[in-house]
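Chemist:
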Amino acid sequence: MINILDLGYGNSASIANTLDSIGYPYELISKPAQLHKGVLIIPGVGSILAFNQELSKKNWSKSIKQYAHSGNNVIGICLGFHALTAHSEESNGMKCMGFLGSSVKTIIVDKENKRSNTGWAPFFISKQFLEKAKWNPYFGRSRKQSLQGRVFYNHRYGVIASENTFIPISEREKYASLMIKGNFMGIQFHPEKSQEFGRSILEFIL
Amino acid sequence: MRVGASILLINGYCYQSYSWSYTRPLGSLKKVLSFLDKYEVDEICITRPIKGSDNPSVLANDLRAIRSSSCSSPLSFGGGIRSLASLKNLQQLPVERLHFSNAFFNMNSRLINKVKNQYGKQAIVASVPVKLVNGQLFFYDSPAKNFKILSNKIISYIKDNADEVLIIDTQNEGINNSFNFDILDGIDLPLNKLMITGGIGQKQISFAKELGLISCLIDNRILHRENFMKREL
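Chains W and L, in that order, are what the protein sequence lines are. Here my numbering is used: the first residue of the first sequence is 1, the next is one more, and so on. Here my numbering is used: the first residue of the second sequence is 207, the next is one more, and so on.
See the structure below:
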């Protein structure tokens with residue numbers, strides 16, 4: 001079962017729609033007690049301050065840690081990815097859950113022009129990469145060896161690529177497009193808004 | 207540069223607009239989005255053209271229509287988000303970005319800051335419907351239903367608070383290859399923050415690319431000349 005953490009933000013609905021279209025079982029959940037074995041997707045559109053406040057209200061951090069330690073996969077998307085890092089520069093600096101390692105931080109992408117990274121960029125991922133990162137897809141339905149296409153980004157803050165296994169953002173190599181540590185995966189782009197290629201990515205990692 | 211589509215949403219149905227005055231029906235939002243999704247356009251901008259006061263039940267219908275669509279392309283939405291109360295209605299809306307006109311023209315910092323905190327600045331687009339008359343730029347004030355002078359103060363407020371700015375050429379909307387680039391001379395905003403719509407054709411797209419604009423939204427030939435659009439994209 002895929003659990004989609006639903007804190008009332010828009011893209012939980014988009015992720016649910018996408019999973020519907022590719023035929024994966026899912027449930028939108030809002031309390032830790034509702035977690036099912038399998039995969040937890042932490043979507044996120046918005047600011048880290050509001051998002052972290054919502055996570056703290058129900059003590060999600062502890063539950064997510066336990067869930068991953070029990071062998072389940074956790075995938076954070078965009079702001080959900082930032083929430084998995086140790087610290088975010090957003091909202092005047094904020095401590096986050098830190099599941100991707102204590103050195104993994106979120107910083108502003110374009111400090112000089114204060115612009116977001118909104119648009120499409122090329123993306124490549126292979127089975128070899130997932131094996132190297134020891135990522136075991138829960139469903140493992142995809143038989144593809146690699147995927148190449150374009151993905152949609154919409155963010156002002158990005159995760160600094162670290163010692164973890166990661167794929168950098170094309171032409172912004174300093175920032176991670178996808179990062180894995182243990183059972184945690186962070187994705188900066190929006191697979192649910194990356195059309196047919198986004199659906200293939202979800203099938204590849206789920 | 208992104209190349210997307212711009213559509214109007216009126217009571218759950220999509221329309222194409224001409225010169226800010228006439229509309230042509232395109233069908234239900236669900237169908238329109240499913241076609242545009244199939245074409246893999248770079249983004250889709252949904253606008254509710256509110257002239258005067260908004261009707262809450264129509265807004266609720268429109269939001270319901272967006273919620274029930276299953277679109278896997280990037281979506282942005284605007285039209286009728288004028289207060290903190292209307293912001294509450296947007297929960298669970300499957301859009302990445304929100305467009306604001308009135309909030310920028312009135313420099314409504316309470317609303318803009320609330321959106322920044324709730325959705326992040328990357329989600330804020332200033333939508334500026336304009337007309338150029340004798341070198342003077344006017345914006346459309348939708349509650350007042352008329353055009354007013356676009357002041358430097360408003361432009362500066364937009365510059366500070368919007369992530370990107372959508373310039374709508376109201377005089378050339380719906381007309382092929384007619385977007386008036388002179389409009390951009392009157393707006394002191396960085397070109398790489400600007401999106402344009404209103405009379406977008408192949409020539410406009412090429413020129414916008416040369417200028418370094420961030421996005422062109424095709425407003426005409428949406429769906430009723432699908433093959434033409436497909437070639438263009």
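Glycine is no exception: its CB is placed at the ideal position from the N, C-alpha and C atoms. Predicted model, so just to flag it, every value in this text is computed and none were measured.
Let me know the secondary structure DSSP gives glutamine 148 (chain W) once reduced to three states.
Modeler: Within the first sequence, the letter at position 148 stands for residue 148 (chain W). The answer is strand: DSSP assigns glutamine 148 (chain W) an E or B state.
Chemist: Please compile the residues from chain L whose C-beta is within a distance smaller than 8 angstroms of the C-beta of leucine 49 (chain W).
Modeler: On the first sequence, residue 49 (chain W) is found 49 positions in, with the first residue counted as 1. By Cβ distance, chain L contributes Asn323.
Chemist: Would the stretch 173-187 of chain W and the stretch 67-82 of chain W be scored as touching if the rule is three or more Cβ pairs under 8 angstroms?
Modeler: In short, these stretches touch, since the Cβ pair count reaches three.
Chemist: Within the 8 angstroms Cβ cut-off, does threonine 85 (chain W) reach chain L?
Modeler: Stepping through the first sequence from its first residue, residue 85 (chain W) is reached at position 85. It does not; no Cβ of chain L falls within 8 angstroms.
Chemist: How about isoleucine 22 (chain W) and arginine 199 (chain W): do their beta carbons lie closer than 8 angstroms?
Modeler: Within the first sequence, residue 22 (chain W) is the residue found at index 22, counting from 1. Within the first sequence, residue 199 (chain W) is the residue found at index 199, counting from 1. Yes, Cβ-Cβ distance for isoleucine 22 (chain W) and arginine 199 (chain W) is below 8 angstroms.
Chemist: Report all residues from its chain with a CB closer than 7 angstroms to the CB of phenylalanine 204 (chain W); omit the five preceding and five following residues, and keep chain order.
Modeler: Position 204 of the first sequence holds residue 204 (chain W). Excluding positions up to five away in sequence, the list reads Ile125, Ser142, Lys144 and Leu147.
Chemist: Considering Cα atoms alone, identify which of L:Leu235, L:Ile256 and L:Ser234 is closest to serine 348 (chain L).
Modeler: As a first step, residue 348 (chain L) is located in the second sequence; it is residue number 142 there, counting from the start. With distances taken between Cα atoms, serine 348 (chain L) lies closest to L:Ile256.
Chemist: So if I threshold CB-CB distances at 9 angstroms, which residues from the stretch 296-316 of chain L count as touching chain B?
Modeler: Within the model displayed, chain B is absent; protein chains W and L are what it includes.
Chemist: Which bits of chain W does glutamate 370 (chain L) rub up against, with CB to CB less than 9 angstroms?
Modeler: Here residue 370 (chain L) is taken as the residue at index 164 of the second sequence, counted from 1. Chain W residues near glutamate 370 (chain L): Arg115, Ser116 and Thr118.
Chemist: Straight-line CA distance for aspartate 366 (chain L) to proline 396 (chain L)?
Modeler: Reading the second sequence from its first residue, position 160 is the one you call residue 366 (chain L). Reading the second sequence from its first residue, position 190 is the one you call residue 396 (chain L). Rounded to whole angstroms, aspartate 366 (chain L) to proline 396 (chain L) spans 11 angstroms at the Cα level.
Chemist: In terms of residues, what are the limits of the beta strand (DSSP E) holding alanine 211 (chain L)?
Modeler: One-based indexing of the second sequence puts residue 211 (chain L) at position 5. Note, alanine 211 (chain L): beta strand (DSSP E), 208-216.
Chemist: The beta strand (DSSP E) with lysine 415 (chain L) in it runs from where to where?
Modeler: As a position in the second sequence, residue 415 (chain L) is number 209, starting the count at 1. Per DSSP, lysine 415 (chain L) belongs to no beta strand (DSSP E); it is in the alpha helix (DSSP H), 408-417.
Chemist: Would you mind reading off the limits of the alpha helix (DSSP H) that contains arginine 468 (chain L)?
Modeler: No statement about residue 468 (chain L) is possible, as the shown extent of chain L runs from 207 to 439 and does not include it.
Chemist: Kindly list, in the order they appear in chain W, the residues whose Cβ is closer than 9 angstroms to that of lysine 237 (chain L).
Modeler: Locating residue 237 (chain L) in the second sequence gives position 31, where the first residue counts as 1. In chain order: nothing, as chain W lies at least about 16 angstroms away.
Chemist: Note down, in chain order, every chain L residue with its Cβ under 8 angstroms from the Cβ of asparagine 11 (chain W).
Modeler: Stepping through the first sequence from its first residue, residue 11 (chain W) is reached at position 11. Pro300 and Glu302, listed in chain order.
Chemist: Quick one: give me the first and last residue of the alpha helix (DSSP H) that lysine 31 (chain W) is part of.
Modeler: Residue mapping note: residue 31 (chain W) aligns to position 31 of the first sequence, counting from 1. Counting along the chain, lysine 31 (chain W) falls outside any alpha helix (DSSP H), and DSSP gives it neither H nor E.
Chemist: Verify whether the separation of the beta carbon atoms of leucine 372 (chain L) and valine 321 (chain L) is less than 8 angstroms.
Modeler: In the second sequence, residue 372 (chain L) corresponds to position 166, counting from 1. In the second sequence, residue 321 (chain L) corresponds to position 115, counting from 1. Not a contact, by the Cβ cut-off of 8 angstroms.
Chemist: Whose C-beta lies closer than 7 angstroms to the C-beta of arginine 208 (chain L) among residues of the same chain, with five residues either side of it excluded?
Modeler: Working through the second sequence from its first residue, we reach residue 208 (chain L) at position 2. These residues qualify, in order along the chain: Asp248, Glu249, Ile420 and Ser421.
Chemist: Say whether chain W places a C-beta atom closer than 8 angstroms to the C-beta of alanine 271 (chain L).
Modeler: Numbered from its first residue, the second sequence carries residue 271 (chain L) at position 65. So, not an interface residue.
Chemist: Using a Cβ cut-off of 9 angstroms, which residues of the stretch 346-377 of chain L contact any Cβ in chain W, in chain order?
Modeler: From the stretch 346-377 of chain L, only Asp369 and Glu370 have a Cβ closer than 9 angstroms to chain W.
Chemist: Return helix, strand or coil for threonine 85 (chain W), following the three-state DSSP convention.
Modeler: Sequence index remark: in the first sequence, residue 85 (chain W) carries index 85 (1-based). Three-state result, threonine 85 (chain W): coil.
Chemist: Could you pull out every residue in the same chain whose Cβ sits closer than 6 angstroms to the Cβ of glycine 392 (chain L), ignoring the five residues on either side in sequence?
Modeler: Position 186 of the second sequence, counting from 1, holds the residue named residue 392 (chain L). Once the five neighbours on either side are set aside, the close Cβ partners of glycine 392 (chain L) are Leu343.
Chemist: Can you give me the Cβ contacts of aspartate 369 (chain L) inside the same chain, cut-off strictly under 6 angstroms, excluding the 5 residues immediately before and after it?
Modeler: Indexing the second sequence from 1 puts residue 369 (chain L) at position 163. So the list reads Lys327, Gln328 and Ile330, once near-sequence residues are dropped.
Chemist: I'd like to check one pair, isoleucine 167 (chain W) with glycine 158 (chain W): are the Cβ atoms closer than 8 angstroms?
Modeler: Here residue 158 (chain W) is taken as the residue at index 158 of the first sequence, counted from 1. Here residue 167 (chain W) is taken as the residue at index 167 of the first sequence, counted from 1. No. Outside cutoff.
Chemist: Hey, is lysine 399 (chain L)'s beta-carbon within less than 8 angstroms of any beta-carbon in chain W?
Modeler: Position 193 of the second sequence, counted from the start, is the residue given in the question as residue 399 (chain L). Yes, lysine 399 (chain L) lies at the interface with chain W (some Cβ there is under 8 angstroms from its Cβ).
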